[in-house]
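Remarks on the structure that follows.
Protein chains in written order, with the working numbering: chain A, 13 to 190; chain B, 1340 to 1656.
Shown next as structure tokens:
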């Protein structure tokens, strides 16, 4: 996906989020949480689209899931822990949890565990830019910019300008043949 | 692993990058302490044993809370209630504890070198919580963290350390860390309490409190140990307080407006610090206590968080 396709995908997700929130009457209670680092630009951009359409900007938080990983004991070194920043009460909110790529579902499991430690949201929706299949846990996206069939071992890279890349893009790199 | 290290015995062997690795991680850990649920699951199933041969409330509680916030199980073994009083050797105690499969052993001992000795004989990671007059690495790191948090960076800052430098493991850990982060260190105290040749560690020595604290960004006031009072090192507390103690009047006249005051605790009020300074606006003593938990979380996470090199190889094989 090139920058233009990424932009269209973000707009489509924002539109769907808006429709569903309106239908449920939860538009005023909407809030965004991006999973560091790839999910944060997605959350920011969906929020900006919603703000443009409605004139009010929902709150935004970021989660770093390093302390909630389930594979610590299998890794050689402890993973780097980045900042988590959720400054609004979650009670009664409809949270749009955003990540760049949905794969095994383990990151989302960790993010949900972390999120509920901040409070009890009314509901949580999951928005991802790319759903690449390959789930290992019963988790699915409510909103996906693209659904790709990517073989196991291949790598899906999402690049965002906000994270220091030259331009937005989604690149699939073939992995080693099993 | 803290950089290349499996143990944390002192800050002397740590590089600038390794110290910054702990301090940066501690920033994220401090955020966890401000959450409604102060618990993350990262060290679930890990065991931290606190082995204290010297009394300590602050440091032991701090390590204990740090372990609990990270979901590790912690066990406290204090000498007063242990078989040490029945004549068991340090190594036998450690081997018995090791048989209970801890992941980290936090050790405080009155003998310098005890944690290092244990690190060479047990299989788990060893963290020194203070040994004799050697080092108190977690205290040194939390001092760095607290000053860095206040000023954004230690680069170009001046830190004065005042008190019994000879017997202070805090002073030694501060000396082995602050200069690596770009700070200048001034040492101050009675001549009987400053070791000869300490300048070689990169500090300047002062015997006059005023010249030591004037222009400093932070002043670390060390505790005067009661057991040393009355021996030839200090004739009495009134004399010590007069020449090397800090009160509000001296602080107002000599210190920069933005300078902060640190103390490792417990404070002897009226000896090294007057109450109006200890409880005053410059005091960051209670910030140090909170930062201590965050820094110790970072230490435990780095040492117990990964599988370690040996086990990582087994998993990938």
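Ideal placement from N, C-alpha and C gives every residue a C-beta, glycine not left out. Note that the structure is a prediction, hence the values are computed from the model and not measured.
Those residues of the region 90-105 of chain A placed with their C-beta closer than 7 angstroms to a C-beta in chain B are 90, 93, 94, 95, 96, ordered along the chain. Here residue 1582 of chain B is exposed: its Cβ has fewer than 16 other Cβ atoms, across all protein chains shown, within 10 Å.
Using a CB distance cut-off of 8 angstroms, residue 76 of chain A counts as an interface residue toward chain B. Put simply, of B/1455, B/1418, B/1488, B/1448 the residue whose alpha carbon is nearest the alpha carbon of residue 1634 of chain B is B/1488.
Listed in chain order, the beta strand (DSSP E) runs fully inside the region 79-122 of chain A are 106-114, counting runs of at least 3 residues. Along the region 107-128 of chain A, going in chain order, the ones with a CB nearer than 8 angstroms to a CB of chain B are 125, 126. Annotation for residue 1503 of chain B: no alpha helix (DSSP H) segment contains it, and DSSP assigns it neither H nor E. Counting along the chain, residue 44 of chain A sits inside the beta strand (DSSP E) bounded by residues 42-47.
Using beta-carbon distances, residue 131 of chain A counts as an interface residue toward chain B, with a partner under 8 angstroms. Closest in C-alpha terms to residue 95 of chain A, from the list B/1351, B/1374, B/1347, B/1565, comes B/1374. Within the region 1619-1643 of chain B, the residues whose Cβ lies closer than 7 angstroms to some Cβ of chain A are 1640, 1641, listed in chain order. The Cβ of residue 79 of chain A sits closer than 8 angstroms to at least one Cβ of chain B. Taking a contact to require three or more Cβ pairs closer than 8 angstroms, the region 1458-1475 of chain B and the region 1441-1449 of chain B qualify as touching.
With a beta-carbon spacing of about 18 angstroms, residue 112 of chain A and residue 80 of chain A fall beyond the 8 angstroms limit used to define contacts. Interface with chain A (8 angstroms Cβ-Cβ cutoff): residue 1340 of chain B is included. Setting aside the 5 residues that flank it on each side, residue 1382 of chain B is surrounded in the same chain by 1409, 1410, 1411, 1643, each with a C-beta closer than 6 angstroms to its C-beta; the list follows chain order. Within chain A, 93 have C-beta atoms less than 7 angstroms from the C-beta of residue 1364 of chain B, given in sequence order. Below the 8 angstroms Cβ cutoff, chain A contributes 129, 130 as neighbours of residue 1376 of chain B, in chain order. Taking residue 57 of chain A as reference, the option from A/108, A/34, A/13 with the minimal CA-CA separation is A/108. Residue 1545 of chain B is bridged by DSSP to B/1527. The region 47-62 of chain A and the region 1355-1371 of chain B do not touch, with fewer than three beta-carbon pairs separated by less than 8 angstroms.
Note on residue 1435 of chain B: under 16 other CB atoms within 10 angstroms of its CB, so exposed under the neighbour-count rule. Under the three-state reduction of DSSP output, residue 1412 of chain B falls in the strand class.
Residue environment analysis places residue 1362 of chain B among the buried positions, since at least 16 neighbouring C-beta atoms fall within 10 angstroms of its C-beta.
Beta-bridge analysis with DSSP links residue 1470 of chain B to B/1448, B/1474. Residue 1560 of chain B carries a strand assignment under DSSP once its states are collapsed to helix, strand and coil. Bounds of the beta strand (DSSP E) holding residue 74 of chain A are 72-75. At a cut-off of 8 angstroms between C-beta atoms, residue 1380 of chain B counts as an interface residue with respect to chain A. No Cβ-Cβ contact shorter than 8 angstroms links residue 1493 of chain B with residue 1444 of chain B.
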